[in-house]
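Structure, as structure tokens:
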């Protein structure tokens, strides 16, 4: 029973790579910018955040503790769906936020961005405030220590599992979700994150840019889903996290949407942790739907969100089809 619970908790941590574009920043942030005791702002929910002018580059991630990527691999079939409409074809693209990079994608994904005029993603990953702001949000209140919260045995496991990503005294200042994200990131292969790269292409090509939520909101989803108990339980079976992360990457590379759905929406896990799925997937999908429906009906939109949002009975593909849109899986051209 204990092993089954830790396996489902490992699944919950690993599936963040398919639902939160913010996820990849957690394990890579520089702690010298973090400060404790700062109040945590809670912005009002926003459907689409207008894209302000900016000159910064992509928010790339350092993956020094991750396994090296296989340079010969390629995504066989992208998680890409066509949305047909009278005003032009739009596209839904499911990203994976870690482990597989833009160089692994077929050319068809970049070509579809070029064909469209609006680019919609979860959050603005090029926001210069994302890194330092996230670190402030991830700090524990003054006087609290994660080392004390975990106890000596689990703390030793936690520091070992992070692979020396930061000094242990700094690590002790962070929320459980930050530490769990840092650990989970090590099970994904080294790769440049695809979300900001695709965003930058759209920006260079003059596309209209829109965002479905803020990074502050994504922090809240992590806080609600990954608490101290989740970290404690996950530390009990780190091998399960590794296996699940590998399986998710495999199904993404092969383009097997059904297998990816089984990894993310595990029936046993959904019974044990229904709130996590509501917070991370279903409620967010519901908030996004009216915005996406409007853009997709206007035509020539490219939507890039975590692949976990597209699959399943309550995924965006199914929900948009219920609203009368024609959504079909993109079929790559034969070589």
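Residue numbers (this note's numbering): 53 to 387.
Don't be surprised by glycine CBs; every beta carbon is placed ideally from N, CA and C.
Contact belief for residue i with residue j at Cβ below 8 Å, rounded distance in angstroms
i	j	result
residue 358	residue 73	7 Å
residue 353	residue 247	That pair is no contact at about 16 Å.
residue 363	residue 316	7 Å
residue 372	residue 344	7 Å
residue 360	residue 157	Residue 360 to residue 157, Cβ: 17 Å. No contact.
residue 212	residue 234	So it is not a contact: roughly 12 Å between Cβ atoms.
residue 143	residue 168	7 Å
residue 232	residue 278	5 Å
residue 274	residue 340	Not really, about 18 Å apart at Cβ, beyond 8 Å.
residue 214	residue 223	6 Å
residue 152	residue 304	6 Å
residue 351	residue 185	Wrong, their Cβ atoms sit about 35 Å apart, outside the cutoff.
residue 160	residue 384	6 Å
CA nearest to the CA of residue i, picked from the options
i	options	result
residue 170	131, 220 and 257	257
residue 329	341, 385, 366 and 263	366
residue 128	184, 275, 306 and 244	306
residue 209	374, 326 and 285	285
residue 260	165, 299 and 308	165
residue 370	350, 125, 309 and 319	309
residue 254	140, 322, 162 and 347	162
residue 227	199, 142 and 384	199
residue 299	125, 262, 289 and 314	314
residue 138	374, 349, 368 and 376	349
residue 147	187, 180 and 251	251
residue 126	302, 326 and 338	302
residue 375	342, 304 and 272	342
residue 238	283, 271, 150 and 220	150
residue 336	288, 183 and 272	272
residue 280	219, 324, 207 and 249	207
residue 347	263, 324 and 287	263
residue 403	225, 181, 326 and 220	Residue 403 lies beyond the residue range present for the chain, which begins at 53 and ends at 387; the question has no answer from this structure.
residue 338	318, 368 and 323	368
residue 282	187, 324, 183 and 225	324
Residue range of the unbroken beta strand (DSSP E) whose run includes residue i
i	result
residue 171	170 to 173
residue 143	142 to 147
residue 126	Unbroken run through residue 126: none, as it is neither H nor E.
residue 262	260 to 263
Limits of the alpha helix (DSSP H) - the one that residue i falls within
i	result
residue 427	Coverage of the chain is limited to positions 53 through 387, which leaves residue 427 absent and any answer about it impossible.
residue 212	204 to 213
residue 316	309 to 316
residue 134	Counting along the chain, residue 134 falls outside any alpha helix (DSSP H), though it belongs to the beta strand (DSSP E) covering 132 to 136.
residue 353	Per DSSP, residue 353 belongs to no alpha helix (DSSP H); it is in the beta strand (DSSP E), 353 to 358.
residue 246	246 to 256
residue 159	159 to 167
residue 243	No alpha helix (DSSP H) holds residue 243; DSSP gives it neither H nor E.
residue 223	220 to 223
residue 190	182 to 190
| field | the segment 173 to 187 touching the segment 260 to 274, judged by at least three CB pairs closer than 8 Å | value | yes
| field | Inter-stretch contact (C-beta, 8 Å, three-pair minimum) for the segment 193 to 204 and the segment 289 to 309 | value | no
| field | contact_flag[the segment 129 to 136, the segment 370 to 383] where n(CB pairs < 8 Å) is 3 or more | value | yes
| request: Please determine if the segment 185 to 196 and the segment 235 to 249 are in contact, where contact requires at least 3 C-beta pairs separated by less than 8 Å. | output: no
| request: Kindly provide the ranges of any beta strand (DSSP E) runs that are 3 or more residues long and lie completely inside the segment 324 to 385, ordered along the chain. | output: 353 to 358 and 378 to 381
| Those runs of the alpha helix (DSSP H) which lie wholly inside the segment 260 to 299 and span at least 4 residues | 267 to 277 and 280 to 286
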